[in-house]
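Residue numbers (the UniProt record's numbering): 1 to 503.
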């Protein structure tokens, strides 16, 4: 139990090295004892992988995974290293975790947020692109953009139901990633999510909603009106969002904009508005070849052989590694590392170079939709490690209790590994509002406000339309702990986990 829950001086040294980015120290500790990769702290149950992912130390993340760290390990809040990397926008770490086949659909224990929610709330569009990579095939964009019920849908081999389900997965209170991106004004994220079939009509629930002053039953357009970003509202309206949708408080998006002082949105959101809405092309962050090159990288690995023969074709981009992939169409050859970097970082307007979602070839600027593996490329699959605890024999061969064993001993919990501790994704708690806290220190002001209201014993009185004008415009900043309302207990749990990482 001591090893599993953090009573280890060497484990604390590894945590410090992972947090500070000390690769030499981390490698020395893991060479002496590879089992330290499975270490977790006593308070927040954060593993060294959580610390390295949150701080963006990609080399240490890869080192820990090579030494058997569980890529899907959870901390006390149920958050994985992928969620931490998406929270802080470390897309290279996200890429490494995906190469080791991390589970992108897992949700945290507090509110049911996935890695997609963590990326959207802070506007990390590159992380969003990577997180959905295994759901978007390397095929022409028309096969992805086709609606499921259209006549052309049966002709396509691609089943988009998994993508639609993942992108529209709601956290506690019915909050989707599109709600979060629209509220905080991240137009690039909104546009990419809509291209990935985010639902314009998704509404928040009657319980646990995060923005009490907007109200349940609110659409992404209500949230965009609260956030005040003009381009987000234009994108949503251009994709078919309705100005006439009422939430459970009976408010239109126009009413929400007026309440929060977003007067510049009134001409656009007025029900009888005749303003011309711009036409928005597909997002520049669509990357169709990403799935194909990601699968090749999982098979071949990113490291090429150090000994190159005279017959080996060298990658024309890095001039260091041998070519392992070829671009479909132009057939130019690259190493898998350069191809993966190209697909993960490109944001050029695709309509100038090729089909929507294609990536320009660095050699001829031809639009690339897919990569293929070159014949003879070495296979070096990424090592997948079982999530076993420190006491491996006890986990593989559990002992049955004897008849003479006392009843108390029979009821004790055996050694716990992350896989056995929570084998399925926990559903959101219906009584807890979504914790979108991005504060890492201090007390959550919004939770104090709610506790004060609860202590008075009287719910806030709803004002009529005549009184609303006297209140003046409300203020809202980027979504953080001060603008999202959720329970004090949940807030303190997440602060405990984050305080360890940000110490």
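Note that CB positions come from ideal geometry on N, CA and C, so glycine has one too.
Residue pairing from DSSP places residue 373 in a beta bridge opposite 325. DSSP, read as helix, strand or coil, puts residue 367 in strand.
Here DSSP, grouped into helix, strand and coil, assigns residue 360 to strand. The Cβ neighbour count for residue 8, taken over all protein chains shown within 10 Å, is at least 16; the residue is labelled buried. Within 10 angstroms of the beta-carbon of residue 103 lie fewer than 16 other beta-carbons, which makes it exposed. The stretch 72 to 85 and the stretch 278 to 297 do not touch, with fewer than three beta-carbon pairs separated by less than 8 Å. Nearest to residue 332 by C-alpha distance, out of 340, 363 and 249, is 363.
Per DSSP, the unbroken alpha helix (DSSP H) holding residue 88 starts and ends at 81 to 88. Taking each of 371, 174 and 125 in turn and checking the Cα distance to residue 113, the smallest one comes out for 174. Buried is the label assigned to residue 232, since at least 16 other Cβ atoms lie within 10 Å of its Cβ.
Under the Cβ criterion (8 Å, minimum of three pairs), the stretch 233 to 244 counts as touching the stretch 178 to 191.
Taking the Cβ atoms as the reference, residue 215 lies roughly 19 Å from residue 184, outside the contact range of under 8 Å. In the three-state scheme derived from DSSP, where H, G and I count as helix and E and B as strand, residue 130 is classed as helix. Taking the C-beta atoms as reference points, residue 321 is found no nearer than 8 Å to residue 330.
The beta carbons of residue 106 and residue 55 sit no closer together than 8 Å.
If you ignore the 5 residues before and after residue 346, its C-beta comes within less than 6 Å of the C-beta of 359, all in its own chain and listed in chain order. Looking at the DSSP output, residue 175 shares a beta bridge with no other residue. In this structure, the beta-carbon distance from residue 128 to residue 139 does not fall below 8 Å. About 16 Å separates the CB atoms of residue 199 and residue 247; that is not less than 8 Å, and the two are not in contact. Counting along the chain, the unbroken alpha helix (DSSP H) around residue 188 starts and ends at 187 to 195. Where residue 258 is concerned, the enclosing alpha helix (DSSP H) starts and stops at 253 to 259. Nearest C-alpha to residue 367 among 348, 374 and 376: 348.
Around the beta-carbon of residue 259, 16 or more other beta-carbon atoms lie within 10 Å, marking it buried. Under the DSSP definition of a beta bridge, residue 314 partners with 322. In this structure, residue 26 lies away from residue 47, with their beta-carbon atoms at least 8 Å apart. Excluding five sequence positions before and after residue 244, the CB atoms of its chain that fall closer than 8 Å to its own CB belong to 252 and 271, given in chain order. Secondary structure note for residue 96: its alpha helix (DSSP H) is the uninterrupted segment 91 to 99. Spatial neighbours of residue 318 in its own chain (CB-CB distance under 8 Å, excluding positions within 5 residues in sequence) are listed in chain order as 335, 337 and 338.
Among the bridge pairs identified by DSSP, residue 334 is matched with 325.
Residue 14 and residue 57 have their C-alpha atoms spaced approximately 13 Å apart. Taking a C-beta distance under 8 Å as the contact criterion, residue 11 and residue 36 qualify as a contact pair. Fully enclosed beta strand (DSSP E) runs of no fewer than 3 residues are not present anywhere in the stretch 1 to 84. Collapsing the DSSP output to three states places residue 161 in a helix. Counting only residues of its own chain and dropping the five nearest sequence neighbours on each side, residue 342 has a CB closer than 7 Å to the CB of 359 and 362. Judged by DSSP in its simplified three-state form, residue 138 adopts coil rather than helix or strand. About 7 Å separates the beta carbons of residue 372 and residue 325, which is inside the 8 Å limit, making them a contact pair.
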